[in-house]
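From first to last, the protein sequence lines are chains A and B. Taking my numbering, I'd label the letters of the first sequence as residues 1 to 276. Taking my numbering, I'd label the letters of the second sequence as residues 277 to 512. Glycine included, each C-beta is placed from N, C-alpha and C at the ideal position. Owing to the predicted nature of the structure, the values given are computational and were not obtained by experimental measurement. Report on the structure given below.
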Amino acid sequence: MTADEVVAELRSGMTIGIGGWGSRRKPMSLVRAILRSPLSDLTIVSYGGPDVGLLLAAGKVKRLVYGFVSLDSTPLEPHFQAARQAGAIEATEWDEGMLQWALYAASLRLPFLPTRAGLGSDVPRLDPGLRTVRSPYPDGEELLAVPALPLDAALIHLNRADAAGNAQFLGPDLYFDDLFAAAATRAYVSCERLVDTADLAAAGFASLRITRWMTAGVIESQNGAHFTSCAPDYDRDEAFQREYVAAAKDPARWREFGERYLSGTEADYQRAVKAQ
Amino acid sequence: MACADAWRGDGELLASPFGAIPSIGARLARATFAPDLLLSDGEAVLVTGNWAVGDEPAGPVEGWVPFRSVFDLAWAGRRHAMMMPSQLDRFGNMNISAIGADFAKPDRALLGMRGAPGNTACHPVSYWVPRHQARVFVPKVDVVSGIGYDKTPGPYGLRLVVTNLAVLDFGGPYNAMRLVSVHPGVAVAEVVANTGFDLVIDGEIPQTRSPEADELRLIREVLDPREARYREVPLG
Numbered sequence: 001m002t003a004d005e006v007v008a009e010l011r012s013g014m015t016i017g018i019g020g021w022g023s024r025r026k027p028m029s030l031v032r033a034i035l036r037s038p039l040s041d042l043t044i045v046s047y048g049g050p051d052v053g054l055l056l057a058a059g060k061v062k063r064l065v066y067g068f069v070s071l072d073s074t075p076l077e078p079h080f081q082a083a084r085q086a087g088a089i090e091a092t093e094w095d096e097g098m099l100q101w102a103l104y105a106a107s108l109r110l111p112f113l114p115t116r117a118g119l120g121s122d123v124p125r126l127d128p129g130l131r132t133v134r135s136p137y138p139d140g141e142e143l144l145a146v147p148a149l150p151l152d153a154a155l156i157h158l159n160r161a162d163a164a165g166n167a168q169f170l171g172p173d174l175y176f177d178d179l180f181a182a183a184a185t186r187a188y189v190s191c192e193r194l195v196d197t198a199d200l201a202a203a204g205f206a207s208l209r210i211t212r213w214m215t216a217g218v219i220e221s222q223n224g225a226h227f228t229s230c231a232p233d234y235d236r237d238e239a240f241q242r243e244y245v246a247a248a249k250d251p252a253r254w255r256e257f258g259e260r261y262l263s264g265t266e267a268d269y270q271r272a273v274k275a276q
Numbered sequence: 277m278a279c280a281d282a283w284r285g286d287g288e289l290l291a292s293p294f295g296a297i298p299s300i301g302a303r304l305a306r307a308t309f310a311p312d313l314l315l316s317d318g319e320a321v322l323v324t325g326n327w328a329v330g331d332e333p334a335g336p337v338e339g340w341v342p343f344r345s346v347f348d349l350a351w352a353g354r355r356h357a358m359m360m361p362s363q364l365d366r367f368g369n370m371n372i373s374a375i376g377a378d379f380a381k382p383d384r385a386l387l388g389m390r391g392a393p394g395n396t397a398c399h400p401v402s403y404w405v406p407r408h409q410a411r412v413f414v415p416k417v418d419v420v421s422g423i424g425y426d427k428t429p430g431p432y433g434l435r436l437v438v439t440n441l442a443v444l445d446f447g448g449p450y451n452a453m454r455l456v457s458v459h460p461g462v463a464v465a466e467v468v469a470n471t472g473f474d475l476v477i478d479g480e481i482p483q484t485r486s487p488e489a490d491e492l493r494l495i496r497e498v499l500d501p502r503e504a505r506y507r508e509v510p511l512g
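Put into structure tokens, the structure is as follows:
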């Protein structure tokens, strides 16, 4: 498959989960393919970084479900700030652990999972659909019932994968990519390098957390997480991220940035990055 | 020193400091009076030994803590975080989410709730404010990200608020914020003038502890030789 073929299987109005964390191992080539597509009115679920920023800047998002949006080395995401401050999206802002619970519940086909996180805070005030549940045991504790959040599709980027859709992380953290994949009707993996199945086990069984029953499609996308980090294959491109942040704060510069980097194909993008 | 003393008595908890000075404080605490603290490299592993802020840790790795494990430690209560609030009120309600009356269209969008609701509900939390000002210490936060003592259920335990001027806790009536000590050279009146609500002030306010000679040596030579601390809080 190609990134554009993956995106052709998505529909406007879908709920789409995006793996990674902040500005780390984001499926950016698939996000860039969405930018090129006519998709709109998406509900995006993410431990948000520039994936969210780019989709917001392109007006692709109707509702955002998130615990934070950050570029890590730059704490605040400028497109996220602009979209929120313009009141341009429906913001479902939860504790970051609630997001994990919602995906985990969906992956297990449970209606909810209980937690103390969120109680007493403004999370339930700002999301009045949330309900509490009382423990049926002698403690009788009242807990927040985090509703399952099934995804129509999930997009994740891993270091290695095989053609069958088994995928492998080689960096320090899987993040919640397995939960995004398992919570989704269809999960799509992009990877730095497609390898033979026989080459997967050498890095250790614990790295094989995405298996083919979870995934509907796989593409090879070298440097596909750029400009986010994809350890150990590459670090975050901090210089490029700074350029992105500076451009995002100024409409004229953002148009230039779009023309230089986002107006063509993924191959054009990678060429423009190399020429930078 | 208050940023080190905050971790005193924590035992085998994961110390999660946000900011340069809390990081120096947590590492100093482990190097001296709190040897059982667990410290992460800021990415995904627990490391032993001492290392300077801004550097990669040199000490051997003693455990793997991807974000999922940090969430588990947090909800299990085996963590003490020192977070940086954008707003904080007298009962310890804390905001890192958004500034402004209308959440749907805030004046300024910040990070988001992050883990603040769960952290404050489940484990000890302290706060670090590098610039003590009335814009941070507000009568009422715009968004409650971390919960204060006027909420039901209340926080697991809010320990200390450390600022560039003073140390505060929630030892006042109904767990209201109380002035514990002022740093050397700071007047109580200066703290009061930069706080947007009435602080509980009980009698004579002592001075914050200054570092001992061995602590000062550790800070200068090992934990912060390039003086990141003065970039966070410039010398008066």
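Report yes if the C-beta distance between residue 399 of chain B and residue 470 of chain B is below 8 Å; otherwise report no. No, the pair does not count as a contact, with Cβ atoms beyond the cut-off.
Look at the alpha carbon of residue 100 of chain A and the alpha carbon of residue 511 of chain B, and state the distance between them as a whole number of angstroms. Going by C-alpha positions, residue 100 of chain A is about 42 Å away from residue 511 of chain B.
With a threshold of 8 Å on Cβ separation, who are the neighbours of residue 118 of chain A within its own chain once the five nearest residues in sequence on each side are excluded? Excluding the 5 residues flanking it on each side, residue 118 of chain A has same chain C-beta neighbours closer than 8 Å at 94, 95, 98, 124, 130, 144, 146, in chain order.
I'd like to know whether the C-beta of residue 390 of chain B is nearer than 8 Å to at least one C-beta of chain A. Taking CB atoms only, residue 390 of chain B has a neighbour in chain A less than 8 Å away.
Report the option in A:105, A:25, A:139 whose CA atom is closest to the CA atom of residue 150 of chain A. It is A:105 whose Cα lies nearest to the Cα of residue 150 of chain A.
Whole angstroms is fine: what's the gap from residue 427 of chain B's alpha carbon to residue 303 of chain B's? Their backbone Cα atoms lie some 32 Å apart in a straight line.
Could you give the uninterrupted runs of the alpha helix (DSSP H) lying entirely in the stretch 19 to 82 of chain A, keeping only those of 4 residues or more? Taking only runs of at least 4 residues, the alpha helix (DSSP H) segments lying wholly in the stretch 19 to 82 of chain A are 28 to 36, 50 to 57.
Give the DSSP-derived three-state secondary structure of residue 380 of chain B in the structure shown. DSSP, reduced to helix, strand and coil, places residue 380 of chain B outside both helices and strands of the structure shown, so it counts as coil.
CA-CA distance, residue 202 of chain A and residue 491 of chain B? C-alpha separation (whole angstroms): 46 Å.
Write down the C-beta distance between residue 421 of chain B and residue 372 of chain B rounded to the nearest angstrom, noting that I regard them as a contact closer than 8 Å. With a beta-carbon spacing of about 5 Å, residue 421 of chain B and residue 372 of chain B fall inside the 8 Å limit used to define contacts.
Short Cβ contact (8 Å threshold) for residue 32 of chain A with residue 229 of chain A: No; because the gap between Cβ atoms is not below 8 Å, this pair is not in contact.
With DSSP run on the structure shown, which of helix, strand or coil describes residue 112 of chain A? DSSP places residue 112 of chain A in strand when its eight states are reduced to three.
Sufficient close CB pairs (3 or more, under 8 Å) joining the stretch 156 to 163 of chain A to the stretch 27 to 42 of chain A: Segments in contact, yes.
Between the stretch 251 to 258 of chain A and the stretch 317 to 330 of chain B, are three or more C-beta pairs nearer than 8 Å? When C-beta atoms of the stretch 251 to 258 of chain A are compared with those of the stretch 317 to 330 of chain B, fewer than three pairs fall below 8 Å, so the two segments do not count as touching.
Please classify residue 351 of chain B as buried or exposed, where buried requires at least 16 neighbouring CB atoms within 10 angstroms. Sixteen is the threshold: when 16 or more other Cβ atoms of the shown chains lie within 10 Å of the Cβ of residue 351 of chain B, as they do, the residue is buried.
Give every residue of the same chain whose Cβ lies closer than 6 Å to the Cβ of residue 47 of chain A, excluding the five residues on either side of it in the sequence, and list them in chain order. Same-chain partners within the cutoff: 21.
Since I believe residue 462 of chain B is in contact with residue 441 of chain B (beta carbons under 8 Å), could you give me their beta-carbon distance rounded to a whole number of angstroms? Going by Cβ atoms, the distance from residue 441 of chain B to residue 462 of chain B rounds to 5 Å, so yes, they are a contact pair.
Report, in whole angstroms, the separation of the C-beta atoms of residue 501 of chain B and residue 476 of chain B, which I expect to be a contact under 8 Å. The Cβ separation is near 39 Å, so there is no contact.
Listing by chain order, which chain A residues have their CB less than 7 Å from the CB of residue 427 of chain B? Neighbours of residue 427 of chain B in chain A, taken as residues at a C-beta separation under 7 Å, are given in chain order as 120.
Helix or strand or just coil, what does DSSP make of residue 90 of chain A? Assigned with DSSP and collapsed to three states, residue 90 of chain A falls in strand.
Which of the residues in the stretch 253 to 266 of chain A, read from start to end, lie with their CB under 8 Å from any CB of chain B? Within the stretch 253 to 266 of chain A, no residue has a Cβ that lies closer than 8 Å to any Cβ of chain B.
Residue burial classification, residue 73 of chain A (beta-carbon count within 10 angstroms, cutoff 16): Taking all protein chains in view, the Cβ of residue 73 of chain A is surrounded by fewer than 16 other Cβ atoms within 10 Å, so the residue is classified as exposed.
Would you verify that the beta carbon of residue 309 of chain B is, or is not, closer than 8 Å to some beta carbon of chain A? Closer than 8 Å: no.
Beta-carbon of residue 381 of chain B versus every beta-carbon of chain A: anything under 8 Å? It does: the Cβ of residue 381 of chain B has a partner Cβ on chain A nearer than 8 Å.
When the Cβ atoms of the stretch 213 to 228 of chain A are set against those of the stretch 182 to 193 of chain A, are three or more pairs found closer than 8 Å? By the Cβ test, the stretch 213 to 228 of chain A is in contact with the stretch 182 to 193 of chain A, since at least three Cβ pairs between them sit closer than 8 Å.
Would you say residue 67 of chain A reaches chain B, if we count a Cβ-Cβ gap shorter than 8 Å as a contact? By this cut-off, residue 67 of chain A is an interface position.
With the cut-off set at 8 Å, would you say residue 80 of chain A and residue 504 of chain B are in Cβ contact? Not a contact, by the Cβ cut-off of 8 Å.
Interface positions of the stretch 295 to 323 of chain B facing chain A (Cβ-Cβ less than 8 Å), listed along the chain: Per Cβ criterion, the list reads 319, 320, 321.
Distance cutoff 8 Å, beta carbons only. Does residue 123 of chain A sit that close to anything in chain B? Interface annotation, residue 123 of chain A: in contact with chain B, CB-CB separation under 8 Å.
Can you tell me whether residue 290 of chain B is helix, strand or coil according to DSSP? In the structure shown, residue 290 of chain B sits in a strand (DSSP, three-state: E or B).
I think residue 388 of chain B touches residue 67 of chain A, with their Cβ atoms under 8 Å apart; what is that distance to the nearest whole Å? With 8 Å as the limit, residue 388 of chain B and residue 67 of chain A qualify as a contact, their Cβ atoms being about 6 Å apart.
Expressed to the nearest angstrom, what Euclidean distance is found between the alpha-carbon atoms of residue 263 of chain A and residue 36 of chain A? Between residue 263 of chain A and residue 36 of chain A, the C-alpha separation is close to 8 Å.
Using 8 Å as the limit for Cβ to Cβ distance, is residue 421 of chain B near chain A? Yes, contact with chain A.
Report the neighbours of residue 93 of chain A on chain B: residues whose CB is nearer than 7 Å to its CB, in chain order. Taking the beta carbon of residue 93 of chain A as reference, the chain B residues within 7 Å of it are 373, 388, 389, listed in sequence order.
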